[in-house]
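**Q**
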Amino acid sequence: MRVSLNHVRLRGKMILVYLLCVFIPIVLTNLVFYLVTTHNVKQQKLHDMSMAMEQVRNDFLAQIDVAIGVSSVLYTDNLLNDAIEKSYRDATEYVDSYYANVSPTLFRYSPIYKAIQDIAIYTDNPTIVGGGGLLPITEEVKKERWYQTFFHSDTASPIVVRNMIATYKGDEITYSVIRKLDYFKYQNQRRKILKIDISYDTVSSVFLNTTLQGNLYLVDSAGEVDYATDPAVDWMSHNVSMSSIGIPTDALRLEQRFDNVNYLRGWSIVGAFPEHQVLRDVYRSRNFVLYLALPNLVIPTLIILWFTRSLNVRIVRILKHMKKVRNHHFETIDRESYRDEIGQLTNEFNRMTLQIKNLIDDVYLADIQKKDLEIKRNRAQLHALQSQINPHFLFNALETIRMRSLMKQETETAKIIRNMAKIFRKSLSWERDWVTVREELELIHCFLEIQKYRFGDKLIYRIEVEEAAYDLYLPKMTILPFVENASIHGIEPLKDGGRIELDIRASGSQLTAVVRDNGIGIEEEKLAAIRRSLENEDTMGDHIGIRNVYYRLKLHDRERLQFQLTSVRHLGTAVRIAIPRYEEPPAD
Numbered sequence: 001m002r003v004s005l006n007h008v009r010l011r012g013k014m015i016l017v018y019l020l021c022v023f024i025p026i027v028l029t030n031l032v033f034y035l036v037t038t039h040n041v042k043q044q045k046l047h048d049m050s051m052a053m054e055q056v057r058n059d060f061l062a063q064i065d066v067a068i069g070v071s072s073v074l075y076t077d078n079l080l081n082d083a084i085e086k087s088y089r090d091a092t093e094y095v096d097s098y099y100a101n102v103s104p105t106l107f108r109y110s111p112i113y114k115a116i117q118d119i120a121i122y123t124d125n126p127t128i129v130g131g132g133g134l135l136p137i138t139e140e141v142k143k144e145r146w147y148q149t150f151f152h153s154d155t156a157s158p159i160v161v162r163n164m165i166a167t168y169k170g171d172e173i174t175y176s177v178i179r180k181l182d183y184f185k186y187q188n189q190r191r192k193i194l195k196i197d198i199s200y201d202t203v204s205s206v207f208l209n210t211t212l213q214g215n216l217y218l219v220d221s222a223g224e225v226d227y228a229t230d231p232a233v234d235w236m237s238h239n240v241s242m243s244s245i246g247i248p249t250d251a252l253r254l255e256q257r258f259d260n261v262n263y264l265r266g267w268s269i270v271g272a273f274p275e276h277q278v279l280r281d282v283y284r285s286r287n288f289v290l291y292l293a294l295p296n297l298v299i300p301t302l303i304i305l306w307f308t309r310s311l312n313v314r315i316v317r318i319l320k321h322m323k324k325v326r327n328h329h330f331e332t333i334d335r336e337s338y339r340d341e342i343g344q345l346t347n348e349f350n351r352m353t354l355q356i357k358n359l360i361d362d363v364y365l366a367d368i369q370k371k372d373l374e375i376k377r378n379r380a381q382l383h384a385l386q387s388q389i390n391p392h393f394l395f396n397a398l399e400t401i402r403m404r405s406l407m408k409q410e411t412e413t414a415k416i417i418r419n420m421a422k423i424f425r426k427s428l429s430w431e432r433d434w435v436t437v438r439e440e441l442e443l444i445h446c447f448l449e450i451q452k453y454r455f456g457d458k459l460i461y462r463i464e465v466e467e468a469a470y471d472l473y474l475p476k477m478t479i480l481p482f483v484e485n486a487s488i489h490g491i492e493p494l495k496d497g498g499r500i501e502l503d504i505r506a507s508g509s510q511l512t513a514v515v516r517d518n519g520i521g522i523e524e525e526k527l528a529a530i531r532r533s534l535e536n537e538d539t540m541g542d543h544i545g546i547r548n549v550y551y552r553l554k555l556h557d558r559e560r561l562q563f564q565l566t567s568v569r570h571l572g573t574a575v576r577i578a579i580p581r582y583e584e585p586p587a588d
């Protein structure tokens, strides 16, 4: 099916042009711009956060690498390892060896690296006096967390453990690098464990010196939190599993792992960042797009409305006046003259309307005269046709038949022929359009007598006329067609006798005539069709007599005419006509 815009009204076309050429392109452009901008900003924020977390990872790894580097130096120090492996005869010999071989090496790095809080070596050599960073492995040491973690570790590489140590300030958290000193295989007669403590403040500064808007978690290989910036997580007093921390579903989760570092394998830094904080710049971009889109929509919309109103209002005004012209109201458009096409169309319409009005005024009287001449010519033709029938011959023939009937004493037949001749004479001689009620009743009596002759006792009729109504005037043959319909269509189909009643009254300023019968009546649908055809001035088939009477009465008294037609099936029909009271025939 071919789509055509020719059936779409002008306002609809304007709205369609606005939607297709302004609204939808602007909305789509701004939507694409917003999506692209949002995606770019979001990706940039994620990249920045990932880089910041990578920097935290590298800073933390750097602190651990310091301890690892120191441990590697101590791990390969031959003199240190010999001093720890040696069995001493007495404390004096141990002290001399300690200050000669242990102390210079063991405490060389603490002043250099501020991240290193303490360095200690634990050994099971019973000849060593505990103190000064060289300590025995006691039962209390074996119960500590760092020792248990190291003891159950099956790796030969260093391990990192979060540890709690007792200081003069109280218990403090440290991060310890634990390593077994077994580099020299021939010296492995004693158990030697190196523990280098990294201060909590050093690790804390790594995580706090960042501009990330969220929480960071340091997770060890066992999945436990060893550090967190989240104040809601109590990771210092007891072990907290990372899986038990409820990270909001709308938070962005980033992770930096240490899988490429042997001594931190399985460790990771997890970041949880609220999306509304991370995407704050994205929301600002969205607002910027909205603020940019609103003027792009509002300003063109107002301009288009301004233009379209100039077109639509004036075109609709012209259309309304054209419809008035169709209904014979020749009104011009009283508006200021404009120079655009619609203004020119308005001017041409006003000029055309004035010309039509003047033409009608000039031609109307001539046309009326012409129509009057045509009517007179048609009437003359009708009279000529009637004259061809030679009514005098017909009247003489009927009179001859009547006289012959009287001579043969057929008085009833003569009476019927006489009534028939009267009706025939009146119908052919139409000199006057208006007759008195008395003259109308003569025709009605003649017709009813003829019908009485046909039906005998089957037809009974009653005529009541108010005395004041006899000399009043009414259009010729106004009542007779309804009496004829009552007889032919109402009484004739009955098997039993029927009755026709005629009442004529002169009440006030009206002449009222009512014709009733007790015939078969009119079906409801047919009655509705008759009424509808009278209103619409349609043809009515068999009821042409009703239509002719009704239209003749309307021509004379359209406003004051009262016409009622009622009927009940198998009970009868009633016709009521009320016209103005005329004591003299009105002038034509």
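Those letters in the sequence shown? Residues 1 to 588, per full-length UniProt numbering, in order.
By construction, the Cβ of each residue, glycine as well, lies at the ideal position given by its N, Cα and C atoms.
1) Along the chain, where does the alpha helix (DSSP H) containing ALA506 start, and where does it finish?
2) Does DSSP put SER387 in a helix, a strand or coil?
3) Can you give the beta carbon distance from ILE198 to GLN117, rounded, assuming they're within the 8 Å contact cut?
4) Would you identify the three-state DSSP class for LYS180, choosing helix, strand or coil?
5) May I have the straight-line CA-CA distance separating ALA486 from LEU443, to the nearest angstrom?
6) Excluding the 5 residues flanking VAL261 on each side, which residues of the same chain have their C-beta closer than 7 Å to its C-beta?
7) Could you tell me which residues DSSP pairs with ASN312 in its beta bridges?
8) Consult DSSP for TRP306 and reduce its assignment to one of helix, strand or coil.
9) Can you grab the Cα-Cα spacing for the pair THR413 / LYS422, in whole Å?
10) Enumerate in chain order the residues of its own chain whose CB-to-CB distance from ILE416 is below 8 Å, with the five nearest sequence positions on each side excluded.
11) Mapping DSSP to helix, strand and coil, what is ASP361?
12) Using the DSSP secondary-structure output, state which residues sit across from ASP334 in a beta bridge.
13) Just to confirm, is the Cβ distance from PHE288 to ILE318 under 8 Å?
14) Helix, strand or coil: how does DSSP classify MET164 here?
15) Pull up the distance between the alpha-carbon of VAL22 and that of PRO300, whole angstroms please.
16) Tell me, please, whether the segment 200-220 touches the segment 260-274 by the rule of three or more beta-carbon pairs shorter than 8 Å.
17) Which runs of the beta strand (DSSP E) at least 3 residues long sit entirely within the segment 223-310? Give them in chain order.
18) What is the rounded straight-line gap between the Cα of TRP267 and the Cα of PHE258?
19) Which of the three DSSP states is assigned to PHE107 in this structure?
20) Helix, strand or coil for ASP82, going by three-state DSSP, please let me know.
21) Does DSSP classify VAL568 as helix, strand or coil?
22) Along the alpha helix (DSSP H) that carries PRO481, what are the first and last residues, could you check?
23) Pull up the CB-CB distance for ARG191 and ASN163, whole angstroms please, since I reckon it's below 8 Å.
24) Looking only at its own chain, which residues have a Cβ that is under 6 Å from the Cβ of ASP230, when we skip the five neighbours before and after it?
25) Cβ of TYR582 within 8 Å of Cβ of LEU472?
26) Shortest alpha-carbon distance to ILE522 belongs to which of ILE500, SER243 and THR566?
27) Can you look up MET540 in the DSSP assignment and give me helix, strand or coil?
28) Tell me where the alpha helix (DSSP H) around VAL102 begins and ends.
29) Which of the three DSSP states is assigned to LEU134 in this structure?
30) Using the rule of at least 16 other Cβ atoms within 10 Å of the residue's Cβ for burial, across every protein chain shown, is ALA228 buried or exposed?
31) With DSSP collapsed to three states, give me the class of SER72.
32) How long is the line joining the alpha carbons of LYS526 and ASP340, rounded to whole angstroms?
33) The beta strand (DSSP E) that contains GLN117, what's its start and end?
34) With DSSP collapsed to three states, give me the class of ARG89.
35) Report yes or no: do three or more beta-carbon pairs, one from the segment 127-137 and one from the segment 82-90, lie closer than 8 Å?
36) Suppose contacts are defined by Cβ-Cβ distances below 8 Å. Is VAL233 in contact with ILE245 by that definition?
**A** Quick look at the numbers:
1) The residue you call residue 506 lines up with position 506 of the sequence shown. Careful: ALA506 lies outside any alpha helix (DSSP H), inside the beta strand (DSSP E) at 498-507.
2) Counted from its first residue, the sequence shown places residue 387 at position 387. With a pLDDT of 46 at SER387, under the threshold of 50, the predicted position of this residue should be treated as unreliable, and no value is reported.
3) Here the question's residue 198 lines up with position 198 in the sequence shown. Here the question's residue 117 lines up with position 117 in the sequence shown. About 6 Å; that satisfies the 8 Å criterion.
4) For the purposes of this step, residue 180 is taken as residue 180 along the sequence shown, with counting starting at 1. Strand at LYS180.
5) Locating residue 486 in the sequence shown gives position 486, where the first residue counts as 1. Locating residue 443 in the sequence shown gives position 443, where the first residue counts as 1. Their Cα atoms are separated by approximately 15 Å.
6) Taking the first residue of the sequence shown as position 1, residue 261 is located at position 261. Once the five neighbours on either side are set aside, the close Cβ partners of VAL261 are LEU61.
7) Working through the sequence shown from its first residue, we reach residue 312 at position 312. In DSSP, ASN312 forms no bridge with anything.
8) Sequence index remark: in the sequence shown, residue 306 carries index 306 (1-based). Looking at TRP306 - three-state DSSP - the assignment turns out to be helix.
9) Mapped onto the sequence shown, residue 413 falls at position 413. Mapped onto the sequence shown, residue 422 falls at position 422. For THR413 and LYS422, the distance between alpha carbons rounds to 14 Å.
10) Here residue 416 is taken as the residue at index 416 of the sequence shown, counted from 1. Excluding sequence neighbours, ILE416 sits near GLU449, ILE450 and TYR453.
11) Counted from its first residue, the sequence shown places residue 361 at position 361. In this structure, ASP361 counts as helix in the three-state DSSP scheme.
12) In the sequence shown, the residue the question calls residue 334 occupies position 334. DSSP lists no partner for ASP334.
13) In the sequence shown, the residue the question calls residue 288 occupies position 288. In the sequence shown, the residue the question calls residue 318 occupies position 318. No, the pair does not count as a contact, with Cβ atoms beyond the cut-off.
14) By one-based count along the sequence shown, residue 164 stands at place 164. Looking at MET164 - three-state DSSP - the assignment turns out to be strand.
15) Start at 1 with the first residue of the sequence shown, and residue 22 comes out as number 22. Start at 1 with the first residue of the sequence shown, and residue 300 comes out as number 300. For VAL22 and PRO300, the distance between alpha carbons rounds to 7 Å.
16) yes
17) 225-228, 251-257 and 268-274
18) The residue given as residue 267 occupies position 267 in the sequence shown. The residue given as residue 258 occupies position 258 in the sequence shown. Rounded to the nearest angstrom, the two C-alpha atoms are 6 Å apart.
19) Your numbering for residue 107 matches position 107 in the sequence shown. Three-state result, PHE107: coil.
20) Position 82 of the sequence shown, counted from the start, is the residue given in the question as residue 82. Here ASP82 sits in helix by DSSP.
21) Taking the sequence shown and counting its residues from 1, the one referred to as residue 568 is at position 568. Of the three classes helix, strand and coil, the one that applies to VAL568 here is strand, per DSSP.
22) Numbered from its first residue, the sequence shown carries residue 481 at position 481. Taken as a continuous stretch (DSSP letters only), the alpha helix (DSSP H) holding PRO481 covers 480-485.
23) For the purposes of this step, residue 191 is identified with residue 191 of the sequence shown, where counting begins at 1. For the purposes of this step, residue 163 is identified with residue 163 of the sequence shown, where counting begins at 1. Wrong, their Cβ atoms sit about 19 Å apart, outside the cutoff.
24) Locating residue 230 in the sequence shown gives position 230, counting from the first residue. Closer than 6 Å at Cβ, skipping near neighbours: ASN215.
25) By 1-based counting over the sequence shown, the position of residue 582 is 582. By 1-based counting over the sequence shown, the position of residue 472 is 472. At a Cβ-Cβ threshold of 8 Å, TYR582 and LEU472 count as neighbours.
26) One-based indexing of the sequence shown puts residue 522 at position 522. Cα-wise, what sits closest to ILE522 is THR566.
27) Residue numbering aside, residue 540 sits at position 540 when the sequence shown is read from its first letter. Here the model assigns MET540 a pLDDT of 44, short of 50, so the residue's position is not dependable, and the following value carries that caveat. Of the three classes helix, strand and coil, the one that applies to MET540 here is coil, per DSSP.
28) Locating residue 102 in the sequence shown gives position 102, counting from the first residue. Premise fails: VAL102 is in no alpha helix (DSSP H) and is neither H nor E.
29) For the purposes of this step, residue 134 is taken as the residue at position 134 of the sequence shown. If DSSP states are grouped into helix, strand and coil, LEU134 belongs with the strands.
30) If you number the sequence shown from 1, residue 228 lands on position 228. Classification for ALA228: buried.
31) As a working note, residue 72 is residue 72 in the sequence shown. Residue state, collapsed to three classes: helix.
32) Taking the sequence shown and counting its residues from 1, the one referred to as residue 526 is at position 526. Taking the sequence shown and counting its residues from 1, the one referred to as residue 340 is at position 340. Straight-line Cα distance between these residues: approximately 58 Å.
33) Against the sequence shown, residue 117 aligns to sequence position 117. Run containing GLN117: 116-123, per the beta strand (DSSP E) assignment.
34) Position 89 of the sequence shown, counted from the first residue, corresponds to residue 89. Three-state result, ARG89: coil.
35) yes
36) Residue numbering aside, residue 233 sits at position 233 when the sequence shown is read from its first letter. Residue numbering aside, residue 245 sits at position 245 when the sequence shown is read from its first letter. Going by C-beta atoms, VAL233 is nearer than 8 Å to ILE245.
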